[in-house]
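Trainee: Just so you know, we're using full-length UniProt numbering here: the sequence shown kicks off at 1 and counts up by one. Where is the CB? At the ideal position from N, CA and C, for every residue including glycine. Source: prediction; values computed, not measured. This structure is in structure tokens; I'll ask about it shortly.
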Amino acid sequence: MRRRSPSRVKYRWIACGTPYPPIRRSARSGCACSRRTARTGFHERLQAVRISQADADDVAGLARLLWLNSSDEELERRAVDAFTNEFEQWWAARDDAHVAYVARLDQPELVGMAWVALVPRVPRPGATSRMSADIQSVFVLPAARGRGIGSALVKAASEHAIAVGALHVTVHSGSKAVPVYERLGFESSPQLLQRHR
Numbered sequence: 001m002r003r004r005s006p007s008r009v010k011y012r013w014i015a016c017g018t019p020y021p022p023i024r025r026s027a028r029s030g031c032a033c034s035r036r037t038a039r040t041g042f043h044e045r046l047q048a049v050r051i052s053q054a055d056a057d058d059v060a061g062l063a064r065l066l067w068l069n070s071s072d073e074e075l076e077r078r079a080v081d082a083f084t085n086e087f088e089q090w091w092a093a094r095d096d097a098h099v100a101y102v103a104r105l106d107q108p109e110l111v112g113m114a115w116v117a118l119v120p121r122v123p124r125p126g127a128t129s130r131m132s133a134d135i136q137s138v139f140v141l142p143a144a145r146g147r148g149i150g151s152a153l154v155k156a157a158s159e160h161a162i163a164v165g166a167l168h169v170t171v172h173s174g175s176k177a178v179p180v181y182e183r184l185g186f187e188s189s190p191q192l193l194q195r196h197r
């Protein structure tokens, strides 16, 4: 079996637009979904979800999600309102390099987020605009999980990175989420090393 190059992230999505890798075409379902996907009602669960790029109006909602995705020890050190102010200043200074995608259901409140950090790379002859990207801070509220929201957010953030010229997209994942990212086209790379402090 031929492996895809670790320097490229390929995304494969079923024809109807739901963020799930194509398995095989089903004559019964009428689209490229597997019968398993049709049985579980994946389409119906995702239809009510709205994914969009975050803007300044989403600062408070993003700060709340980041707050809820923090450890108890971190929460004790800073009140959510103070963190919101700090976060707003941080993002205002970095909004060209850190892009967030957010999810909503039938209410205006945010239920999920995914960030992509865009990092310029050293130019090379013939390639002066090189960039890489890293998916960060993917979080969905517990009550909204199981709808494919996290996958849809990662898809949107990854496609944004590719559209603006990223040569590859990386993610640092917890062990439980590894299969999710693998279904989205991410692969482990023996060339990607990291050093901890």
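Which residue's Cα is closest to the Cα of Arg-104: Ala-143, Thr-170 and Phe-186?
Mentor: For the residues Ala-143, Thr-170 and Phe-186, the minimum Cα distance to Arg-104 belongs to Ala-143.
Trainee: Below 8 Å on the Cβ atoms is my contact criterion, and I expect Val-180 with Ser-151 to pass it. Report the Cβ-Cβ distance as a whole number of Å.
Mentor: 6 Å
Trainee: Quick check on the DSSP output: the alpha helix (DSSP H) that includes Val-102 runs from which residue to which?
Mentor: Val-102 -> not in any alpha helix (DSSP H); beta strand (DSSP E) instead, spanning 98-104.
Trainee: Using the beta-carbon count (16 or more within 10 Å), is Gly-146 buried or exposed?
Mentor: Only exposed fits Gly-146, as fewer than 16 other CB atoms lie within 10 angstroms of its CB.
Trainee: When DSSP labels each residue in this structure, what does Val-171 get in the three-state scheme?
Mentor: DSSP places Val-171 within a strand segment (E or B) once states are collapsed to three.
Trainee: Answer yes or no: do Phe-139 and Leu-65 have a C-beta to C-beta separation smaller than 8 Å?
Mentor: yes
Trainee: What does Gly-112 pair with, by DSSP beta-bridge criteria?
Mentor: BP columns for Gly-112 point to Ala-103 and Val-140.
Trainee: Thinking just about the alpha-carbon of each residue, which of Glu-76, Leu-167, Val-178 and Leu-153 is nearest to the one in Gln-53?
Mentor: Of the candidates Glu-76, Leu-167, Val-178 and Leu-153, Leu-153 places its Cα closest to the Cα of Gln-53.
Trainee: Output the distance between the C-alpha atoms of Pro-125 and Ile-135, rounded to the nearest integer angstrom.
Mentor: 28 Å
Trainee: Under three-state DSSP, which class holds Ala-63?
Mentor: helix
Trainee: How many angstroms separate the CA atom of Gly-174 from the CA atom of Glu-74?
Mentor: Between Gly-174 and Glu-74, the C-alpha separation is close to 19 Å.
Trainee: By a C-beta neighbour count over all protein chains shown, 10 Å radius and 16 as the cutoff for buried, is His-160 buried or exposed?
Mentor: buried
Trainee: In this structure, does DSSP put Arg-145 in helix, strand or coil?
Mentor: coil
Trainee: Can Val-59 and Trp-91 be called in contact, C-beta distance under 8 Å?
Mentor: Less than 8 Å separates the beta-carbon of Val-59 from that of Trp-91.
Trainee: By DSSP's criteria, Pro-120 is part of a beta bridge. Which residues make up the other side?
Mentor: Met-131
Trainee: Would you mind sorting Ala-127 into buried or exposed? The rule is 16 or more other CB atoms within 10 Å of its CB.
Mentor: exposed
Trainee: Comparing alpha-carbon positions, which option in Ala-163, Arg-94, Arg-195 and Ile-162 lies nearest His-172?
Mentor: Arg-195
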